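First up is the structure itself, then whatever we jot down about it.
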Amino acid sequence: MFTVVRGIFQSGLLQTTEIKNDYKTFRLHYTFTVGLLLAFFVIVTTKQFVGEPIECDVTEEGSADLINTYCWIHSTYIIPKAFYKVVGIEVPHPGIDGTQNAREFRFLRYYQWIYFMLFFQAVLFYIPRWLWKVWEAGKMKTLTKDLGDPLLPDLELKEKFGSLTKYLIRTWTAHDAYAVQYTVCEFLALFNVIGQMFLLDTFFGGSFLKYGLRVIEFQLYEAPRLRANSTVDLRGDPMIMMFPRVSKCVFRKYGQSSAIEIYDVLCVMPMNIVNEKIYLFQWFWFVILIVLTSLSLMMDILLIFSVAVRTYTLQTHFHLVDKRDIRILMRKGSFGDWFVIDLIGQNIDNVLLRDIVVELAKALSDNYKLL
Numbered sequence: 276m277f278t279v280v281r282g283i284f285q286s287g288l289l290q291t292t293e294i295k296n297d298y299k300t301f302r303l304h305y306t307f308t309v310g311l312l313l314a315f316f317v318i319v320t321t322k323q324f325v326g327e328p329i330e331c332d333v334t335e336e337g338s339a340d341l342i343n344t345y346c347w348i349h350s351t352y353i354i355p356k357a358f359y360k361v362v363g364i365e366v367p368h369p370g371i372d373g374t375q376n377a378r379e380f381r382f383l384r385y386y387q388w389i390y391f392m393l394f395f396q397a398v399l400f401y402i403p404r405w406l407w408k409v410w411e412a413g414k415m416k417t418l419t420k421d422l423g424d425p426l427l428p429d430l431e432l433k434e435k436f437g438s439l440t441k442y443l444i445r446t447w448t449a450h451d452a453y454a455v456q457y458t459v460c461e462f463l464a465l466f467n468v469i470g471q472m473f474l475l476d477t478f479f480g481g482s483f484l485k486y487g488l489r490v491i492e493f494q495l496y497e498a499p500r501l502r503a504n505s506t507v508d509l510r511g512d513p514m515i516m517m518f519p520r521v522s523k524c525v526f527r528k529y530g531q532s533s534a535i536e537i538y539d540v541l542c543v544m545p546m547n548i549v550n551e552k553i554y555l556f557q558w559f560w561f562v563i564l565i566v567l568t569s570l571s572l573m574m575d576i577l578l579i580f581s582v583a584v585r586t587y588t589l590q591t592h593f594h595l596v597d598k599r600d601i602r603i604l605m606r607k608g609s610f611g612d613w614f615v616i617d618l619i620g621q622n623i624d625n626v627l628l629r630d631i632v633v634e635l636a637k638a639l640s641d642n643y644k645l646l
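In terms of the numbering used here, the sequence shown is residues 276 to 646.
Written out as structure tokens, the structure reads:
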């Protein structure tokens, strides 16, 4: 799997292309977020396979590796109510006490699957980008190829300028499907990040959805009070409750007299110190992504239904273009036309865009005068 990750970074899949065919919020999903998840994947996988992912307290010689492997495969457990007891007086470690009732156990089944989950998350975040690349099919690259080059020879520039202008005149009002496809991909990106919140909540046994809120609440209200009482191990810490550093494991085997021997051992889980921070960062980042993507989609809805909003956004993006020409285009066009003009403007010089808009406005005005 390391080979796959290395190939992803080397292939440039996470890099933005020179030709812009999307917007910054959408790029955050498939560049920063995917790169971050793959970096977390490498960190977790390296620590998991290079070091010891679990270390159980075994006094009997020759049984340590066996019990470590068994507890790693079959999962360890903690007792949730023990997180609220005083360490050193009532319990030896947070989440550990002498309870023998299995109904009060919470098994940590996620521990050995975290690196798979991180890689799976990265794949899910890239799917909307992949779908847009398939649907877009290099259209923006074809339309603006070399037009952003300031050293382009005048003859070639004039030819490409004429071709692009004629194409826009001929296909005006025919770009709605192109814009809708992009909007669908934005909706998929939002659906993915919200879905991943619920996916991780299921993965962690219902502890993830409010993870960040619990950490904030604890650090603001509970932690200062406990520190004032000189409590070293803070009772009820949501980070330790979700990612315990110490857990328990029950191992059974036959003894010398064929009687079943039971080992109730403590296991140190060093990777949880990293995991708690990885998923706390993910929680906050996912919330930010949800907010930003939702705002972007709300803006898309305004652009679809409001000519005034489309006109205003183009005027703010491209100051050199005459406002009257922009108003003509937006009155005669639709959301799809706005989308194409806006993307073209991101990929070519503003002076050139101004000239294209002038020619396009003249052509549309003449056509409508004839009608």
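Where a beta carbon is used, it is the ideal one built from N, C-alpha and C, also for glycine. Just so we're clear, the structure is a prediction, and the values are computed from it rather than from any experiment.
Per the coordinates, the alpha-carbon of Glu461 lies some 19 Å from the alpha-carbon of Ile619. Under the 8 Å Cβ criterion, the segment 513-521 counts as touching the segment 483-500, having at least three qualifying pairs.
Here Ser609 has Thr448, Asp451 as same chain residues with Cβ atoms under 7 Å from its own Cβ, once five neighbours each way along the sequence are excluded.
Scanning the segment 528-613 from its first residue to its last, the whole beta strand (DSSP E) runs of 3-plus residues come out as 535-543. Of the candidates Asp612, Val362, Ile563, Thr588, the residue whose Cα lies closest to the Cα of Met574 is Thr588. The continuous stretches of alpha helix (DSSP H) do not include Ile623, and DSSP gives it neither H nor E. In terms of Cβ geometry, Met546 and Val333 do not form a close pair [threshold 8 Å]. With a cut-off of 8 Å on Cβ pairs, the segment 405-412 is not in contact with the segment 366-386, counting fewer than three such pairs.
Thr586 and Leu495 have their C-alpha atoms spaced approximately 46 Å apart.
Ile354 and Thr374 do touch by the CB rule: their CB atoms are close to 5 Å apart, below 8 Å.
For Tyr298, the secondary structure class from DSSP, reduced to helix, strand or coil, is coil. Between the beta-carbon of Asn550 and that of Ile389 there is about 6 Å, and that keeps the pair under the 8 Å contact cut. Lys420 sits in coil when the DSSP states are folded into three classes, being neither helix nor strand.
Separation of Asp297 and Phe556 (C-alpha to C-alpha, rounded to the nearest whole angstrom) is 26 Å. Pairing Ser640 with His594, the inter-Cα distance amounts to about 22 Å.
Burial check for Leu465: the Cβ neighbour count within 10 Å reaches 16 or more, so the residue is buried.
Fewer than three beta-carbon pairs drawn from the segment 564-581 and the segment 358-373 are found closer than 8 Å, and the two stretches are therefore not classed as touching.
Cβ neighbours of Ala636 within its own chain (closer than 7 Å, five residues either side excluded): Asp600, Ile603, Leu604.
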